[in-house]
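**Student:**
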Amino acid sequence: MKKKLLAGIMAGIMALSLAACGSGSSSAPAAEEKQDAAGAATEAAAADDAAADAAPAEITTIADGVLTVGTSPDFAPYEFYYIDESGNPQLAGFDIALAQRIADNLGLELKVVPMDFDGILMELQNGNIDLGISGFSPSPERAETFDFSDLYYMGGQSFVIRVADKDKYTDYAAFDGLPVGAQTGSIQMGLAEANTPNANIIGLPKVTDLINELLSGKLEGAFIETAVAEQYIKNYPDLMIAWEVPYDTEGSAIALKKGNDGLREAVNGVIKEVLADGSMDEYIATAQDQASDEGSVYEGMLDENGEVQESADEAATEAAAE
Ligand code: ARG
């Protein structure tokens, strides 16, 4: 809001000074009279551009000097935990690399806050994070309440099943009455409701939960982002993509609280840069490499000591073995 006003004032000043410059020349008053709407618009746009160049929009973040980013690290290769050589979990993924680049370019310190996907937009709305970088689809429903950056990645949607069921499940009707999963709070829940309305639709907090339940037979199918599905299938060859799922709002964007125009413009500037200079391709390649490094990927949450939390299943298996 503040920034918009500022840009408006700047544009006004620029227009005034342009008019002042012109007034000395003989053509100025005549030009003013003859000027058609299109001409005025062009001039206004030029003045806007000049204003933007002259005064970069003010960037406000919730904590001074810090860019606070919410993400749900269950989503390789977008965001996940990578176990480094010393056995320490590190946040990795192309969303994290992009977040770091945005912070670096803006001269801010990056603080990534891991949380379940379902909570990110609420944290954004409550002013606890500046950006949601978590493979967000900028759906029209979300755009009513939140602003989105330009797209930084194009991906599709997939329906995932076990390879063993390949011949059994050849269309959505085969899932009537059966458990089909999607991540809670994701657009995939909507895809499940639209495509498998008669299935027993189960929302789970993490995509890694969906994978576990597919592998253990608690789910028969799941709606998952294609890049993520492909990554998990590489790591778990018992799973496969049954088919692609059409979805209107393709691509991933960064979510912002409405009206934070300075930050949104700055973020868009960085996105433009990483797409143009090949950095984004590098971030994706690195993320895919790290996510394919068998035994080194952990997509779940960490406990309060920063330690890897074992899944309930693992804990149960261990307890049984003792
Ligand atoms: N693109 C989907 C959505 O916006 C799923 C994103 C899930 N992201 C994650 N990190 N789990 O709803």
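Residues in the sequence shown are numbered from 62 upward in steps of one, following the working numbering.
Glycine residues also receive a C-beta, built at the ideal position from the N, C-alpha and C atoms.
(1) Could you give the distance in angstroms between the alpha-carbon of Lys318 and the alpha-carbon of Gly264?
(2) In terms of residues, what are the limits of the alpha helix (DSSP H) holding Asp270?
(3) Kindly indicate which residue of Leu171, Leu271, Pro298 and Pro266 has the alpha-carbon position closest to the one of Gly126.
(4) Distance, Cα to Cα, Val241 vs Ala352?
(5) Please report how far the alpha carbon of Ser357 lies from the alpha carbon of Ile144, in whole angstroms.
(6) Under 8 Å between the Cβ atoms of Ser200 and Thr310?
(7) Once DSSP output is grouped into helix, strand and coil, what is the label at Leu212?
(8) Using only the alpha-carbon positions, how far apart do Ile123 and Asn149 sit?
(9) Kindly indicate the opening and closing residues of the beta strand (DSSP E) around Ser219.
(10) Is Ser198 a contact residue of the ligand ARG, with contact defined as CB to any heavy atom under 7 Å?
(11) Buried or exposed, going by whether 16 or more other CB atoms sit within 10 Å of the CB of Ser147?
(12) Could you check whether the Cβ of Gln249 sits closer than 7 Å to any heavy atom belonging to the ligand ARG?
(13) State the beta-bridge partners of Ala204 as determined by DSSP.
(14) On a Cα-Cα basis, can you pick out the residue from Glu119, Gly168, Gly154 and Ser133 that is closest to Asp350?
(15) In the DSSP assignment, find the unbroken alpha helix (DSSP H) run with Glu281 in it and report its ends.
(16) Ser177 to Glu140, Cα distance in whole Å?
(17) Using the beta-carbon count (16 or more within 10 Å), is Glu281 buried or exposed?
**Tutor:** Answer, in terms of the structure:
(1) Within the sequence shown, the letter at position 257 stands for residue 318. Within the sequence shown, the letter at position 203 stands for residue 264. Approximately 25 Å between the Cα atoms of the pair.
(2) Residue numbering aside, residue 270 sits at position 209 when the sequence shown is read from its first letter. From DSSP, the alpha helix (DSSP H) with Asp270 extends over Val268 to Ser277.
(3) Sequence index remark: in the sequence shown, residue 126 carries index 65 (1-based). Ranking Leu171, Leu271, Pro298 and Pro266 by Cα distance to Gly126 puts Leu171 first.
(4) Your numbering for residue 241 matches position 180 in the sequence shown. Your numbering for residue 352 matches position 291 in the sequence shown. Going by the C-alpha atoms only, they are around 25 Å apart.
(5) Translated into positions along the sequence shown, residue 357 becomes position 296. Translated into positions along the sequence shown, residue 144 becomes position 83. Taking the straight line joining both Cα atoms gives about 5 Å.
(6) Indexing the sequence shown from 1 puts residue 200 at position 139. Indexing the sequence shown from 1 puts residue 310 at position 249. Yes.
(7) As a working mapping, residue 212 is identified with position 151 in the sequence shown. Coil.
(8) Taking the first residue of the sequence shown as position 1, residue 123 is located at position 62. Taking the first residue of the sequence shown as position 1, residue 149 is located at position 88. So the two alpha carbons sit approximately 29 Å from each other.
(9) As a first step, residue 219 must be located in the sequence shown, where it is residue number 158. Gln218 to Arg223 is the extent of the beta strand (DSSP E) around Ser219.
(10) Taking the first residue of the sequence shown as position 1, residue 198 is located at position 137. Indeed, a heavy atom of the ligand ARG lies less than 7 Å from the Cβ.
(11) Taking the first residue of the sequence shown as 1, we reach residue 147 at position 86. Classification of Ser147: exposed, given that the 10 Å Cβ count is below 16.
(12) For the purposes of this step, residue 249 is identified with residue 188 of the sequence shown, where counting begins at 1. Correct: Gln249 has its Cβ closer than 7 Å to the ligand ARG.
(13) Residue 204 sits at position 143 when you count from the first residue of the sequence shown. DSSP lists no partner for Ala204.
(14) Position 289 of the sequence shown, counted from the start, is the residue given in the question as residue 350. It is Gly154.
(15) To locate residue 281, count along the sequence shown from 1; it is residue 220. No alpha helix (DSSP H) holds Glu281; DSSP gives it neither H nor E.
(16) Translated into the one-based positions of the sequence shown, residue 177 becomes position 116. Translated into the one-based positions of the sequence shown, residue 140 becomes position 79. Residue identity check: residue 177 is Asp in the sequence provided, not Ser. Going from the Cα of Asp177 to the Cα of Glu140 covers about 12 Å.
(17) In the sequence shown, residue 281 corresponds to position 220, counting from 1. Buried, since its Cβ has 16 or more Cβ neighbours within 10 Å.
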